[in-house]
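Asker: Dropping a structure here in structure tokens format, bear with me for questions.
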Amino acid sequence: MAGVYTVSQVNAYIKNMFVQDYALSRISIKGEVSNVKYHTSGHIYFTLKDGKGALSAVMFASQRMGLSFPLKEGQQVVATGSVDVYERDGKYQLYAREIRLDGMGALFMEFVRLRNELQEMGMFSEEYKQPIPRYAKTVGIVTAPTGAAVRDIMNISQRRNPYVQLILYPALVQGKGAKESIVKGIRTLDAMGLDVLIVGRGGGSIEDLWAFNEEEVAQAIFECATPVISAVGHETDVTIADYVADLRAPTPSAAAELAVFDYRQFQADLGGLREAMVQAEVRRLAGEKGRLEQYRLRLKVKDPIRQLNDRRMRIMKLEEDLEEAVRKKLLDRKHRLEILAGRLQGLSPLEKISGGYGFLMDGQGKRVVSVSQIKPGDALEIRVRDGRIQARAEAAERFSDF
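Numbering-wise, the UniProt record's numbering puts 245 at position 245 of the sequence shown, and it's gapless, one number per residue.
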């Protein structure tokens, strides 16, 4: 009886056979892509099939540098890698290290060559990118006159801003003469002095989009004085025109939104700005009015007529104070004069004479107040109230009390 083996032993044996087969360690397989699944880990699981069979395949995240385009259902590709056995499931599959589009390998290689060459020349540099005007009034379009691209651009432009003028240059966008037509369209619209250009078309295969990978088209976009928005194919499609243009839009519809400003939003923003300006002006006028009132009050306080009246009132008050001071001074002096006059009157000889007294003077007119001034025989004059008497002293006697 033959030996009995476990499943894992058999799977390991088969795997070893695959490993030893040199042809399977480096193999390129052509087929149609199906069942594509991008895992969150970065791995890509898919199936290669043809009319008679199918082969499971995987590209690990570490090998993604070998894939230069998004892997999609229905693509014809050539996958290069190794065929090996996954022991746990007992299944063999292709471990892809590089995937390229079948039948487009030459085009893709040309795309990579031209991209690298133009990049080295600096045509993709940000320093050459022109800003897209925010409020464009005229928009040039280089695309096919029929098709979804131009309809999408027109519909979105009409919705966002019906006042923007669209100028279409009907160009060939694929096939023979396409690159010459696109270049002529760019240069014709550029000479019209428009605000912005949209250059593009709807989606398609790499052959359909190839006109936008031509060096002549790239050069025309680079030399264009008008800002250029490229809008070629779908979001995943990338062309040389996208690298050279001032701005890349993922779709023609997105290009219209980038080129044409929303007029309703513009009106709303303008209304908000107008209201803000009005409020700011109201606040400013209120502030100026307050300052004007302060100046008016200050001017009123410093009014020359008012100040003159104040000074007149001060002078009048000073005059009144002076008159009152003089009056009080005169009253005081009058009172003092009356007191002194009273005192003087009390000492006046005439006053005493009028009261029945008299006073005595010697012959020289000097008042006699002591007997020591008189000798017997001296001439005397006696003054009384109504006259004087001439007399002569017969004797002078001093009182003992003096």
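Don't be surprised by glycine CBs; every beta carbon is placed ideally from N, CA and C.
With distances taken from CA atoms, which of 173, 108 and 63 is nearest residue 146?
Answerer: Cα-wise, what sits closest to residue 146 is 173.
Asker: By Cβ distance, which residues of its chain are closer than 7 Å to residue 235, with the 5 residues on each side in sequence left out?
Answerer: Excluding residues within five positions, the ones whose Cβ falls inside 7 Å are 250 and 251.
Asker: Using only CA atoms, which one of 257, 204, 277 and 328 lies nearest to residue 425?
Answerer: The question about residue 425 has no answer, for the chain in this structure spans 1 to 402.
Asker: In this structure, how does DSSP classify residue 41 when only helix, strand and coil are distinguished?
Answerer: Note: residue 41 maps to coil in three-state DSSP.
Asker: Identify which residue in 338, 123 and 55 has its Cα closest to the Cα of residue 95.
Answerer: The option with the nearest alpha carbon to residue 95 is 55.
Asker: Residue 294: buried (16+ other C-beta within 10 angstroms of its C-beta) or exposed?
Answerer: The residue is exposed, with fewer than 16 neighbouring Cβ atoms inside 10 Å.
Asker: Taking buried to mean at least 16 other C-beta atoms within 10 Å of its own C-beta, is residue 169 buried or exposed?
Answerer: By the 10 Å Cβ count, residue 169 comes out buried.
Asker: When we look at the beta-carbon of residue 99 and count the other beta-carbons within 10 Å, is it buried (16 or more) or exposed?
Answerer: Label assigned to residue 99: buried.
Asker: For the region 67-82 against the region 12-31, do three or more pairs of beta-carbon atoms, one drawn from each stretch, fall closer than 8 Å, so that the two count as touching?
Answerer: Flag = yes, the region 67-82 and the region 12-31 touch.
Asker: Quick check on residue 6: buried or exposed, where buried means 16 or more other Cβ atoms within 10 Å of its Cβ?
Answerer: Under this definition residue 6 is an exposed residue.
Asker: Identify whether residue 382 lies in helix, strand or coil by the three-state DSSP scheme.
Answerer: Residue 382 falls in the strand class under three-state DSSP.
Asker: How is residue 221 classed by DSSP in three states: helix, strand or coil?
Answerer: Looking at residue 221 - three-state DSSP - the assignment turns out to be helix.
Asker: Grab me the residues of residue 227's own chain with a C-beta within less than 6 Å of its C-beta, minus the 5 sequence neighbours each way, in chain order.
Answerer: Closer than 6 Å at Cβ, skipping near neighbours: 130, 132, 196 and 246.
Asker: For residue 59, which residues does DSSP report across the bridge?
Answerer: Note: residue 59 sits in a beta bridge opposite 44.
Asker: Would you mind sorting residue 213 into buried or exposed? The rule is 16 or more other CB atoms within 10 Å of its CB.
Answerer: Looking at its Cβ environment, which holds 16 or more other Cβ atoms inside 10 Å, residue 213 is buried.
Asker: Between residue 216 and the rest of its own chain, which residues show a CB-CB distance below 7 Å, the 5 nearest in sequence each way excluded?
Answerer: Hits under 7 Å: 179 and 183.
Asker: Residues in the same chain with beta-carbon distance under 8 Å from residue 1, minus the five sequence neighbours each way, listed in chain order, please.
Answerer: Residue placement at residue 1 is poorly supported in this model, since its pLDDT is 43, which falls under 50; the coordinates still yield a value, given next. For residue 1, where only same-chain residues beyond five positions count, there are no Cβ hits under 8 Å.
Asker: Closest to residue 166 by C-alpha separation, out of 242, 199 and 4, would be which residue?
Answerer: It is 199 whose Cα lies nearest to the Cα of residue 166.
Asker: State the beta-bridge partners of residue 31 as determined by DSSP.
Answerer: Note: residue 31 sits in a beta bridge opposite 77.
Asker: Identify which residue in 34, 88 and 316 has its Cα closest to the Cα of residue 57.
Answerer: When each option's Cα is compared against that of residue 57, the closest is 34.
Asker: Report the rounded CA-to-CA distance for residue 403 versus residue 338, giving the unit in angstroms.
Answerer: This structure does not reach residue 403, given that the chain is present from 1 up to 402, and the question cannot be answered.
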